[in-house]
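Notes for the one structure printed next.
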Amino acid sequence: MSFSQAWDAGFRALLIYVGVVFVWLGLVEQRFDDPETSVAAMNAAAALAAIAFFIRAFLRARAERAKAEAEVRALMEGEI
Amino acid sequence: MLQRDSSFAKEALRYGLIVIVLGFIVFPILWMVLTSFKPPQDVMVSPPRFLFTPTLDNYYHAIVDKNFLFYIKNTLVISVTSTVLVVIIGALAAYSFARYNVGDGHILFFILSTKMFPAIAVILPYFLIFRNIGKTDVGRFLGIGLDQPGALIISYTMFNLPFAIWLLVSFFQDIPRELEHSARLDGLSRLKVLRKVVFPLAAPGIAVTGVFTLIFCWNEFLFAYILTRQKASTVTVGVESFFTLQGILWGPVAAAATISVLPMMIFVLAMQRYMVRGLTFGAVRG
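Protein chains in written order, with the numbering used here: chain A, 6 to 85; chain B, 1300 to 1585.
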């Protein structure tokens, strides 16, 4: 994963984190009696979603790189 | 081994500098989003609190009490209309400059010169023109007058056209003339060549021009502040309305700013691929 890909995925993961916070505060928080538990659960859910997105982006970037390298290798072997 | 270490150090320094620069860019946005979730007692404390109980009260205040979605709707109508006009007029003008060299480059330079003076220099004439037009029947019918969307649409179109034309001229210049000649030989009229050959090839450039114009229109403050009062106010003026005589409502300001940034951020992220393609369009000439 290149630096720019990591930055892009990181920024999107941050947006996902904020999105989860929005949804949680708007829809889920009322179901909790204790606000501290709700905040802890919210942060855990948001972090989980953001990390899952980042890992997915990382695996996707790695697979794309492997595919591109295989294509280049096949081309080089074909030329030889 | 020594060479490898030195190259690693160079890379680390390079990326370190990039991270610092990007940090400077992203930190205010992050701070704005964090502040929008803070309760009033945690907003202006020193040292700043990063751990707090988040709340949607600021958003409630901005959306329900201040009717901020009204400003979003106004901005959307004004920005999209202005962007469509800029892209259509700009693309036609830029094509004529790129292909027919209209005015031998002098007119093209004159168009750019309108970008050289600050907007504040022309705001008074604009104010007087729109005030007088707004009093006429035509002005009222077309919605061109003070505190009407037409005034902002025309102002934004006038101010963004030079930038769009200059950007698009370089995109059109990168399209080989031979493609147009062969299309003409196939029996296509000039307009059809433009519609079926030139515009599809310049699509990434047109898209990037549209995105930049939309961003400029969305974030513009001065014209919106001077030419509108209430009916046609945009998001930037809406955010300013939280600066009251009693004090600045930082929480609602941050919430309103976050709401106004979100549509643009989502739009730009969706268009990111086309923007990168558009910006690198014609970078390598054959």
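Just so you know, even glycine gets a beta-carbon here, dropped at the ideal spot from N, CA and C.
* Asked: Do you know how far the Cα of Pro1475 of chain B is from the Cα of Val1496 of chain B?
  -> If you number the second sequence from 1, residue 1496 of chain B lands on position 197. If you number the second sequence from 1, residue 1475 of chain B lands on position 176. Answer to the nearest angstrom: the Cα atoms are 11 Å apart.
* Among the residues of its own chain, which have a CB less than 6 Å from the CB of Arg1584 of chain B, if the five just before and after it don't count? -> Mapped onto the second sequence, residue 1584 of chain B falls at position 285. Low confidence applies here, because Arg1584 of chain B scores a pLDDT of 47, under 50, leaving its location unreliable; read the following figure in that light. Within the same chain, and ignoring the five residues on either side of Arg1584 of chain B in sequence, no residue has its Cβ closer than 6 Å to its Cβ.
* Which whole-angstrom value describes the C-beta separation of Ala54 of chain A and Val25 of chain A, a residue pair presumed to lie in contact below a C-beta threshold of 8 Å? -> For the purposes of this step, residue 54 of chain A is identified with residue 49 of the first sequence, where counting begins at 1. For the purposes of this step, residue 25 of chain A is identified with residue 20 of the first sequence, where counting begins at 1. For Ala54 of chain A against Val25 of chain A, the beta-carbon gap comes to about 5 Å, under 8 Å, which counts as contact.
* To do: Could you tell me which of B:Gly1486, B:Gln1447 and B:Leu1526 sits nearest to Pro1424 of chain B, measuring between CA atoms?
  => Indexing the second sequence from 1 puts residue 1424 of chain B at position 125. Closest by alpha carbon: B:Leu1526.
* Spatial neighbours of Phe1541 of chain B within its chain, please: CB distance less than 6 Å, with the 5 preceding and 5 following residues excluded, ordered by chain position. => Along the second sequence, one-based indexing puts residue 1541 of chain B at 242. Result list for Phe1541 of chain B: Leu1548, Pro1551 and Val1552, in chain order.
* With Leu1467 of chain B and Gly1504 of chain B assumed to form a contact (beta carbons below 8 Å), what rounded beta-carbon distance in angstroms separates them? -> Translated into positions along the second sequence, residue 1467 of chain B becomes position 168. Translated into positions along the second sequence, residue 1504 of chain B becomes position 205. The Cβ separation is near 6 Å, so the contact holds.
* Asked: Any C-beta of chain A sitting closer than 7 Å to the C-beta of Thr1334 of chain B?
  -> Counting from one through the second sequence, the residue named residue 1334 of chain B turns up at place 35. With 7 Å as the cut-off, Thr1334 of chain B does not count as an interface residue toward chain A.
* Asked: Does the distance from the C-beta atom of Ser1381 of chain B to that of Tyr1455 of chain B stay below 7 Å?
  -> In the second sequence, the residue the question calls residue 1381 of chain B occupies position 82. In the second sequence, the residue the question calls residue 1455 of chain B occupies position 156. Yes, these two residues count as a Cβ contact at 7 Å.
* Cβ-heavy atom distance between Gly1315 of chain B and the ligand SAH below 6 Å? -> As presented, the structure is devoid of all ligands, the ligand SAH included, so that no description of it is given.
* In chain order, which continuous runs of the alpha helix (DSSP H) of length 4 or greater are located wholly inside the region 1374 to 1445 of chain B? -> Under the rule that a run must span 4 or more residues, the alpha helix (DSSP H) segments found entirely inside the region 1374 to 1445 of chain B read 1405 to 1412, 1422 to 1434 and 1436 to 1441.
* Asked: Ends of the alpha helix (DSSP H) at Ile1474 of chain B?
  -> For the purposes of this step, residue 1474 of chain B is taken as the residue at position 175 of the second sequence. Looking at the DSSP string, Ile1474 of chain B is not in any alpha helix (DSSP H), and its letter there is neither H nor E.
* Given that Pro1562 of chain B touches chain A, what residues does it touch there, using C-beta distances under 8 Å? -> Within the second sequence, the letter at position 263 stands for residue 1562 of chain B. By Cβ distance, chain A contributes nothing, its closest Cβ being about 13 Å from Pro1562 of chain B, past 8 Å.
* Which word fits Lys1309 of chain B, buried or exposed, when buried means at least 16 other C-beta atoms lie within 10 angstroms of its C-beta? -> Sequence index remark: in the second sequence, residue 1309 of chain B carries index 10 (1-based). Residue environment for Lys1309 of chain B: exposed (fewer than 16 other C-beta atoms within 10 angstroms of its C-beta).
* For the region 1332 to 1342 of chain B against the region 1552 to 1562 of chain B, are there 3 or more C-beta pairs whose distance is under 8 Å? -> They touch, by the three-pair rule.
* In chain B, which residues lie with their C-beta within 8 Å of the C-beta of Leu30 of chain A? -> Taking the first sequence and counting its residues from 1, one reaches residue 30 of chain A at position 25. Listed along the chain, the chain B residues whose CB falls inside 8 Å of the CB of Leu30 of chain A are Phe1336, Pro1353, Thr1354 and Leu1355.
* To do: Could you name the residues of the region 1307 to 1320 of chain B whose beta carbon sits closer than 8 Å to any beta carbon of chain A, in the order they occur along the chain?
  => Listed by position along the chain: Tyr1314 and Ile1317.
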